[in-house]
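To start, the structure under review is shown below, and the notes come after it.
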Amino acid sequence: MCYRARAVSAVASRENIRLYELVLENGISASPYVWRTRFALAHKGLAFQSVPLGFTEIAAAFSGELRTVPVIEDGEERVGDSWHIADYLERSYPARPALFSGCAEYAMVRLFDAWFSAEILRRMFRSYVLDIHNAARPADRLYFRTSREARLQGTSLEACVADRVSRLPELRDALNPLRAQLERGPFLGGASPNYADYLALGAFRWVASVSTIPPLAQGDPLLAWLERGFDLYGGLARDARLKPLAQ
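So the mapping is simple: our numbering equals the position in the sequence shown, first residue as 1, plus 135.
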């Protein structure tokens, strides 16, 4: 496949993978990017050991070399960034189910990710950033507030979410391309899920971990897809602590 042009030779299956992930005060795994990797590992049929970290523990865990999660350790290999991890899993475990059917699908999912990040994740972040702060470990909250308010160019978390109820229709409308695609099949990937499903499901799993106001309306056709997605791999994304995604 063309995107593997720079890949190293495949390694033997070790299956002692450690996944470093972000957790909230209640212990729930809450990062849209970590959830992409959780789904990817499950898709590949690879077991892993979870290593939970708070926001302020990430840099120290990797001696400052990596500052975000997900990160996986597979034997002597350490890989950060959800896309780098997906590439690593594809080239290291070629006998396992493929995350991408070929170069064309890989390129299209990359394009979908760019659109989704700009149009959906951005809106989700601005609607739920205060909820994330309030759900974080107490020791992480000052760091989270300082770093995210800097990202918001000095806007306070409270000011950022002040008009979020009036902005919900904008988020819901932005999701129309997903609804259109799901008219053609049960998953964004068609008859079965692919990495596009995983990155979108991961975003909703993140919101469900923290939200104090659901992003969707009752009866939204996305809800059936979310039910199917959260049920994948033995209910991988299910957790009794999750908040409702519709009202």
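Just so it is clear, CB atoms sit at the ideal spot from N, CA and C, and this is done for glycine as well.
In this structure, does DSSP put residue i in helix, strand or coil?
i    : result
R280 : helix
A372 : coil
S164 : strand
I152 : strand
G236 : At residue 236 the sequence reads Ser, which differs from the Gly that was named. Three-state result, S236: coil.
D355 : coil
A381 : strand
S344 : helix
A145 : Here the model assigns A145 a pLDDT of 42, short of 50, so the residue's position is not dependable, and the following value carries that caveat. Note: A145 maps to coil in three-state DSSP.
L386 : Summary: the structure shown does not reach residue 386, with the chain confined to residues 136 through 382, and so no result is reported for it.
L265 : helix
Looking at residue j and residue i, is the spacing between their C-beta atoms short of 8 Å?
i    : j    : result
L377 : A343 : yes
H268 : R280 : yes
L303 : P350 : yes
L154 : I193 : no
L246 : A175 : no
A309 : I348 : no
V345 : Y263 : yes
L334 : D266 : no
Can you tell me whether residue i is buried or exposed, with buried defined as 16 or more other CB within 10 angstroms of its CB?
i    : result
W341 : buried
R171 : buried
S327 : exposed
D209 : buried
R299 : buried
Is residue i near the ligand NAP, in the sense that its beta carbon is under 7 Å from a heavy atom of that ligand?
i    : result
E200 : Only the bare structure without any ligand can be found here, which leaves the ligand NAP out of the picture.
If contacts are defined as beta-carbon pairs under 8 Å, then residue i and residue j qualify, I think. What distance do you get, rounded to the angstrom?
i    : j    : result
S217 : P229 : About 19 Å; that fails the 8 Å criterion.
D275 : F190 : 4 Å
Ranges of the alpha helix (DSSP H) found wholly within the stretch 292-339, counting only runs of at least 4: If only complete runs of 4 or more residues are kept, the stretch 292-339 shows the alpha helix (DSSP H) at 292-296, 299-309, 311-317, in order along the chain.
Minimum length 3: unbroken beta strand (DSSP E) runs contained in the stretch 177-247: 183-188, 206-209, 212-215
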